[in-house]
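Asks:
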């Protein structure tokens, strides 16, 4: 049986994210899984995701780190409680802060690994360290603070738009 | 006469960036200009650039901040020398680090302002503070350290790919 990705457990109304929403046909649709104690996303950039020709656009790399990390935060909270990701109560995370260091240019002609380590769980905040790896070399490092929000918060902001 | 944006001065081989390259038909093609002592990019997200429905994807906002800041860094260096951006020697910048704080959800149904202030020029490093503004409200703040690189550095990494 294929391993379900974290994002496969997101409910439909939270599956429109450009980075990780399985229902966003224009988006990246990243998929994150556990690999031991690390979280792993693999992603093959399109030919037009360029910075300078031959190398990956830094904004895409920041985006991959972002969605990888919020997914990892949710995965970590469920794992901490030894629960499947489709069980209640749910854990939803938004990005509080995203810090990215570009160590060297990231070649575009390969499948990237985005690897996360859960650095700290502090109440509703989860800090995740992320490496972007191209051909075995770490090219970019990220740190994300993901903030847990209640389902009701998300429902309320969505309603505030729908009522306009 | 229309004001030329910073990106309009980039040479063709540096105009394929997904964020700001005028020759990348798939990309965002952002345009940055001076507005007094600040730099300004305006950008209208597509309907599919969503986080949750009604709000802008954080990875896109990080991308806009990134390209806005590297463009601003170049603009600042030319302005410091009181030169047009198509004069030699050229100033090219790559992103060294990108820090983004998400203060509140950014509504998608408006034209965003991305505003930059040159915080510091320290040799080859330019630090830029960036605000993302939606309907008059700052929703996201960024700080970017852009690093000046010689044209030859970019030519060399492009050649290293072409030779593969």
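Chains as they are written, first to last, in the working numbering: chain A, 51 to 214; chain B, 51 to 214.
Glycine included, every Cβ here is placed at the ideal spot set by N, Cα and C.
1) Drop a sphere of 10 angstroms on the beta-carbon of residue 118 of chain A, count the other beta-carbons inside from all chains shown, and report buried for 16 or more, exposed for fewer.
2) Could you pull the start and end residues of the beta strand (DSSP E) that residue 152 of chain A belongs to?
3) So, is the C-beta of residue 204 of chain B closer than 7 Å to a C-beta in chain A?
4) Let me know if residue 173 of chain A comes out buried or exposed under the rule of 16 or more other beta-carbons within 10 Å of its beta-carbon.
5) Let me know the secondary structure DSSP gives residue 211 of chain B once reduced to three states.
6) Taking 7 Å as the CB-CB limit, is residue 151 of chain B close to chain E?
7) List the whole-angstrom C-beta distance separating residue 111 of chain B from residue 182 of chain B, where the pair is believed to meet the contact cut-off of C-beta under 8 Å.
8) Is the distance from the Cβ of residue 108 of chain A to the Cβ of residue 206 of chain B below 7 Å?
9) Between A:152, A:125, A:155 and A:130, which has its C-alpha nearest residue 142 of chain A's C-alpha?
10) Less than 7 Å between the C-beta atoms of residue 89 of chain B and residue 196 of chain B, yes or no?
11) What residues in the segment 107 to 119 of chain B have a beta carbon less than 9 Å from any beta carbon of chain A?
12) For residue 145 of chain B, tell me which candidate among B:113, B:131 and B:55 has the shortest Cα-Cα distance.
13) From this set, A:79, A:155 and A:190, which residue's C-alpha is nearest residue 166 of chain A's C-alpha?
14) For residue 67 of chain A and chain B, any beta-carbon pair shorter than 7 Å?
15) Below 9 Å on C-beta distance, what does residue 56 of chain B contact in chain A?
16) Identify every residue that forms a DSSP beta bridge with residue 165 of chain A.
17) Going by the CB atoms, is the gap between residue 161 of chain A and residue 106 of chain A shorter than 7 Å?
18) Within 10 Å of its beta-carbon, does residue 186 of chain B have 16 or more other beta-carbons around it, so buried, or fewer, so exposed?
19) Hey, could you find the ends of the beta strand (DSSP E) residue 82 of chain B is sitting in?
20) Contact check, residue 153 of chain A vs residue 192 of chain A under 8 Å by CB: the rounded distance?
21) In terms of residue numbering, what span does the alpha helix (DSSP H) encompassing residue 108 of chain A cover?
22) Which chain B residues sit within Cβ distance under 8 Å of residue 147 of chain A?
23) In whole angstroms, give me the CA-to-CA distance for residue 178 of chain A and residue 188 of chain A.
24) In angstroms, rounded to a whole number, what distance separates the CA positions of residue 135 of chain B and residue 56 of chain B?
25) Spell out the partners DSSP gives residue 175 of chain B in its beta bridges.
26) Taking CB distances under 7 Å as the criterion, tell me whether residue 99 of chain A reaches chain B.
27) Taking residue 52 of chain A as the reference, give the member of A:62, A:82, A:61 and A:104 with the closest Cα.
28) Classify residue 210 of chain B: buried if its beta carbon has 16 or more other beta carbons within 10 angstroms, exposed otherwise.
29) Note down the Cα distance separating residue 159 of chain A from residue 212 of chain B, rounded to an integer number of angstroms.
30) Measuring alpha carbon to alpha carbon, tell me which of A:67, A:92 and A:100 ends up nearest residue 77 of chain B.
31) Can you give me the Cβ contacts of residue 199 of chain A inside the same chain, cut-off strictly under 6 Å, excluding the 5 residues immediately before and after it?
32) Do we get a CB-CB distance below 7 Å when we pair residue 207 of chain B with the residues of chain A?
Replies: This is what the structure holds:
1) Residue environment analysis places residue 118 of chain A among the buried positions, since at least 16 neighbouring C-beta atoms fall within 10 angstroms of its C-beta.
2) That run of the beta strand (DSSP E) goes 142 to 152.
3) It does; some Cβ of chain A falls within 7 Å.
4) Per the 10 Å Cβ criterion, exposed.
5) Reduced to three states, the DSSP call for residue 211 of chain B is helix.
6) Absent from the structure is chain E; the protein chains it does hold are A and B.
7) Rounded, the Cβ-Cβ distance is 6 Å, consistent with contact.
8) No; because the gap between Cβ atoms is not below 7 Å, this pair is not in contact.
9) With distances taken between Cα atoms, residue 142 of chain A lies closest to A:125.
10) No. Outside cutoff.
11) Within the segment 107 to 119 of chain B, the residues whose Cβ lies closer than 9 Å to some Cβ of chain A are 107, 108, 109, 110, 112, 113, 114, 115, 116 and 117, listed in chain order.
12) Selection B:113, B:131 and B:55 evaluated against residue 145 of chain B yields B:113 as nearest (Cα-Cα).
13) The shortest C-alpha separation from residue 166 of chain A is found at A:190.
14) Answer yes: the Cβ-Cβ gap between residue 67 of chain A and chain B drops below 7 Å somewhere.
15) Residues of chain A whose Cβ lies closer than 9 Å to the Cβ of residue 56 of chain B do not exist; the shortest such Cβ separation is about 16 Å.
16) Beta-bridge annotation (DSSP): residue 165 of chain A is paired with A:90 and A:181.
17) The beta carbons of residue 106 of chain A and residue 161 of chain A sit no closer together than 7 Å.
18) Residue 186 of chain B comes out exposed.
19) It spans 82 to 85 - the beta strand (DSSP E) in which residue 82 of chain B sits, taken as one unbroken run.
20) In fact, because the Cβ distance is near 11 Å, the residues do not count as touching under 8 Å.
21) That run of the alpha helix (DSSP H) goes 108 to 130.
22) The answer, in chain order, is 149, 150, 151 and 152.
23) Rounded to the nearest angstrom, the two C-alpha atoms are 16 Å apart.
24) A straight-line Cα-Cα distance of about 7 Å links residue 135 of chain B and residue 56 of chain B.
25) As computed with DSSP, residue 175 of chain B is found in a beta bridge with B:172 and B:197.
26) Interface residue, yes.
27) Ranking A:62, A:82, A:61 and A:104 by Cα distance to residue 52 of chain A puts A:82 first.
28) Exposed, since its Cβ has fewer than 16 Cβ neighbours within 10 Å.
29) When the Cα atoms are used, residue 159 of chain A and residue 212 of chain B turn out to be separated by approximately 11 Å.
30) Checked all of A:67, A:92 and A:100; the closest Cα to residue 77 of chain B is A:100.
31) So the list reads 142 and 144, once near-sequence residues are dropped.
32) At least one chain A Cβ lies under 7 Å of residue 207 of chain B.
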